[in-house]
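Chains as they are written, first to last, in full-length UniProt numbering: chain D, 1 to 256; chain V, 1 to 431. Below is one structure, written out as structure tokens; comments come after it.
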Amino acid sequence: MKIMVAVKRVIDYAVKIRVKSDKTGVEMNNVKMSMNPFCEIALEEALRIKEAGFATEVIAVSMGPAQCVDTLRTGLAMGADRAIHVDTSTSSSATNLTPLSVAKLLKKLVDLEKPGLLILGKQAIDDDCNQTGQMVAGLLKWPQGTFASKVILDKEKQVATVEREVDGGLETLYLDLPAVITTDLRLNQPRYATLPNIMKAKSKVIKKVTLEELGVEIKPDLEIVQVTEPPKRKAGVIVSSVDELIDKLKNEAHVI
Amino acid sequence: LSQLVRWLGIKAEELGVEIYPGFAASEILYDSNHKVVGIATNDMGVAKDGSKRETFQRGVELKGRITLLAEGCRGSLSQKIMGNYKLREKVQAQHQTFALGIKEVWEIDESKHKPGSVLHTIGWPLDHKTYGGSFVYHMKDRQVSVGLVVALDYHNPYLNPYEEFQKLKHHPAIKRILEGGTVIQYGARTLNEGGLQSIPYPVFPGGAIIGCSAGFLNVPKIKGTHTAMKSGMLAAEATYGALHEGACMELYWDKLQKSWILDELYRARNFRPAFKYGLIPGLAFSALEHYILRGRSPLTLKHGKPDHEATEPASLHSPIQYPKSDGMLSFDVPTSLYRSNTNHVHDQPAHLHLRDPAIPKLVNLPHYAGPESRYCPARVYEYVQDDKGQPELHINAQNCLHCKACDIKDPKQNIEWTVPEGGGGPGYLVM
Chain D
1 MKIMVAVKRV IDYAVKIRVK SDKTGVEMNN VKMSMNPFCE IALEEALRIK EAGFATEVIA
61 VSMGPAQCVD TLRTGLAMGA DRAIHVDTST SSSATNLTPL SVAKLLKKLV DLEKPGLLIL
121 GKQAIDDDCN QTGQMVAGLL KWPQGTFASK VILDKEKQVA TVEREVDGGL ETLYLDLPAV
181 ITTDLRLNQP RYATLPNIMK AKSKVIKKVT LEELGVEIKP DLEIVQVTEP PKRKAGVIVS
241 SVDELIDKLK NEAHVI
Chain V
1 LSQLVRWLGI KAEELGVEIY PGFAASEILY DSNHKVVGIA TNDMGVAKDG SKRETFQRGV
61 ELKGRITLLA EGCRGSLSQK IMGNYKLREK VQAQHQTFAL GIKEVWEIDE SKHKPGSVLH
121 TIGWPLDHKT YGGSFVYHMK DRQVSVGLVV ALDYHNPYLN PYEEFQKLKH HPAIKRILEG
181 GTVIQYGART LNEGGLQSIP YPVFPGGAII GCSAGFLNVP KIKGTHTAMK SGMLAAEATY
241 GALHEGACME LYWDKLQKSW ILDELYRARN FRPAFKYGLI PGLAFSALEH YILRGRSPLT
301 LKHGKPDHEA TEPASLHSPI QYPKSDGMLS FDVPTSLYRS NTNHVHDQPA HLHLRDPAIP
361 KLVNLPHYAG PESRYCPARV YEYVQDDKGQ PELHINAQNC LHCKACDIKD PKQNIEWTVP
421 EGGGGPGYLV M
């Protein structure tokens, strides 16, 4: 069984984000980029499943401009066997890939590669959409186990048992394979890409495909109207008595 | 510089050089003949208590016929090499002297921005006995870099270079440039000021030391990147000769001596040492040296005490009252630190080692009022009260900006800066 893992190149989680002065987006020039932390967890889970003997191959895929190759190299260094880069730099309409577009592209790649499991991070830390996994499951008509905090595979029955982190606690689902799983924080601790592995990854294959080759048409379906910084937190006020507190809650904050 | 280095990295990779960021060289490898054969990286995934975490990975040994150390000012491995092979003694070089530079990159009003403009100041807010000065460089994209450099041979243990920098920004000449702008990034790093007198013999069996680790900064020019780059080029030529033509690395030293680096540093050698007599004598002598003697004076002034010995006991000084930050021009340390994008994996042993854990309580705090809690631009060192009300030194290694000031200035040389787990540290993007 093959496992496909979708990874996204995002601004590194430790970088302080600045909004561009023209409010069209955030400052991306000279900014450190890395693999989305949830995607790292997804890749780690795929590698563990393969190491446990349930899969033969882990394929890492990413979509975007040429620099996505860096993220894929990290994935290869962690242990993925090969990688596919969907190059969107030649297409003018695909400058900002939205979740539905990514889902459509993933569906095409899944049709081509026929993996038994598609694992993604639950959301990307730049847009926090939390949509791609669910959308691609819908397009593929595959079962989905999102916010996975534990994944156990049964090879014979071709079933994945997924423990999900939901608002009320933990929910356990049995999914018939092939299935889509999106990963949550507590699933695992991703491994370091060691120096020897990084060196070996340089010779691993990254296949490049264009949107035309995949035969998928990408129409921008979301338009970013404005990006602004969150409003500055106002300083707190220390009140001198309970009466004053009630007064403020009633007349200033209008909450009682 | 971070932008320049990234650009150079792309060029190097295009030429086939393999670059592996995110791995820290923590150990030098020797063969049985005490020749350097390479370096080893540190283990990754070690927990705070020293045990192995789930993600533990052993470090790797990287061996090479020639090892070049380019760690910048006060390189941790370079220090060990210079000690092991007695590289300073070999050429009767003096000790290295240092300064701490604290810098911010601002995005300012279009109307106040003059790309290419350079401003240097000396004197205020530092007193006459403390060498240092500030700089304001106008870069592109409405960005301005502003900073204060404080020589680390200062005497007053209550001096806080970070707070002096905050004071500086309120000076009318600086304030009018920065007003209305926003800070994009913050950082700090030490630089060497020893010049010609402090250059060690830079070749050791199996390799050489290049750039600021050896120390080629031209102090009166306040410029060291040009000599550092040239030293790298000369080392490359010598390395090529050693690898392919059977020549020896000692050729690097010959090339240095014949190059414009040492000639330039020779003519600049007396400016900084003159300031050990104070600001006015220093300026007077510098004028003499520059305009009349033109760097060809017959004598070579020597440096004063090493920086860590220059700190006087706290009893001879009184605490300095620094104004509170206003949040617009001046800021507190946590706010500034956030802008440096510095981060280390939390669950790892502290990379700052105390050779003797008792010394902070026995020496640093009672005699010098804990200077490390003042000169560190990242607030790594804090004296907090333990349960019995006794002061304890707390090391917040996660904040570290890798400036090396503590390694330099600690009075008993008790603090040793070692490399943290690979990948950790400040995230300078526009600095």
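Heads up, the beta-carbon is just placed ideally off N, CA and C, and yes, glycines get one too. Computed from a prediction, not measured in an experiment: that's the story for all the values here.
Asked: Secondary structure, alpha helix (DSSP H): runs of 4+ residues fully inside the segment 153-226 of chain V; Found: 161-168 and 172-178
Asked: Touching by the beta-carbon criterion (3+ pairs, under 8 Å), the segment 229-249 of chain D and the segment 94-112 of chain D; Found: no
Asked: Residues of the UniProt domain "ETF-QO/FixX C-terminal" (327-428) of chain V with Cβ closer than 7 Å to any Cβ of chain D, in chain order; Found: TYR338, ARG339, ASN341, ASN343 and GLY427
Asked: Which of helix, strand or coil DSSP assigns to VAL60/V; Found: coil
Asked: Given 8 Å, three or more beta-carbon pairs between the segment 10-28 of chain V and the segment 379-393 of chain V; Found: no
Asked: Start-to-end residues for the beta strand (DSSP E) that takes in ARG82/D; Found: 82-87
Asked: Rounded straight-line distance, which links the Cα of VAL105/V to that of THR335/V; Found: 14 Å
Asked: Residue-chain proximity (ARG191/D, chain V), Cβ-Cβ < 7 Å; Found: yes
Asked: ASN341/V in three-state terms, based on DSSP; Found: coil
Asked: C-beta atoms of LEU177/D and GLY121/D nearer than 7 Å; Found: no
Asked: Cutoff 7 Å: ASN30/D Cβ touching any chain V Cβ; Found: yes
Asked: Distance, CYS129/D Cα to ALA173/V Cα; Found: 47 Å
Asked: Chain-ordered residues of the segment 7-36 of chain D with a beta carbon less than 9 Å from chain C; Found: Looking at the structure shown, chain C is missing, and the protein chains on hand are D and V.
Asked: Under the three-state DSSP convention, the category GLU382/V falls into; Found: strand
Asked: Residue-chain proximity (THR74/D, chain V), Cβ-Cβ < 7 Å; Found: no
Asked: Min CB distance GLN57/V to chain D below 7 Å; Found: yes
Asked: Separation of SER2/V from VAL430/V, as counted between CA atoms; Found: 6 Å
Asked: Helix, strand or coil at GLN134/D [DSSP, three-state]; Found: helix
Asked: Supposed close pair LEU72/D, SER62/D - CB separation, criterion 8 Å; Found: 5 Å
Asked: Environment of GLY424/V [buried if 16+ CB atoms lie within 10 Å]; Found: buried
Asked: CYS248/V burial status per 10 Å Cβ neighbour count (16 or more: buried); Found: exposed
Asked: Test item: CB-CB of ASN343/V and ALA14/D under 7 Å; Found: yes
Asked: Among LYS108/D, VAL166/D, ASP243/D and PHE54/D, nearest to VAL159/D - alpha-carbon criterion; Found: PHE54/D
Asked: Bounding residues of the beta strand (DSSP E) (the contiguous stretch that carries VAL36/V); Found: 36-41
Asked: Cutoff 6 Å; reference PRO360/V; Cβ partners in own chain excluding five residues on either side; Found: LEU393
Asked: Whether THR182/D touches TYR174/D by CB criterion (7 Å); Found: no
Asked: For MET139/V: DSSP bridge partner residues; Found: DSSP, once it has assigned bridges, lists no residue as partnering MET139/V.
Asked: Rounded straight-line distance, which links the Cα of THR194/D to that of GLU156/D; Found: 34 Å
Asked: Any alpha helix (DSSP H) of 4 or more consecutive residues that is wholly inside the segment 78-142 of chain V; Found: 87-90
Asked: is_contact[MET431/V, chain D] using C-beta, thresh 7 Å; Found: no
Asked: Below-7 Å beta-carbon distance, THR71/D vs any chain V residue; Found: no
Asked: Buried or exposed (CB count within 10 angstroms, at least 16 for buried), PHE374/V; Found: Reading off the sequence shown, one finds Arg at residue 374/V, where the question assumed Phe. Buried.
Asked: Euclidean distance between Cα positions of ALA310/V and ILE408/V; Found: 11 Å
Asked: Short-range partners of chain V found in the segment 183-207 of chain D, where Cβ spacing is below 9 Å; Found: ASN188, GLN189, PRO190, ARG191, TYR192, ALA193, THR194, LEU195, PRO196, ILE198, MET199 and LYS202
Asked: Backbone secondary structure at ARG272/V - three-state DSSP; Found: helix
Asked: Partner residues on chain D for ILE184/V, Cβ-Cβ distance less than 8 Å; Found: ARG18
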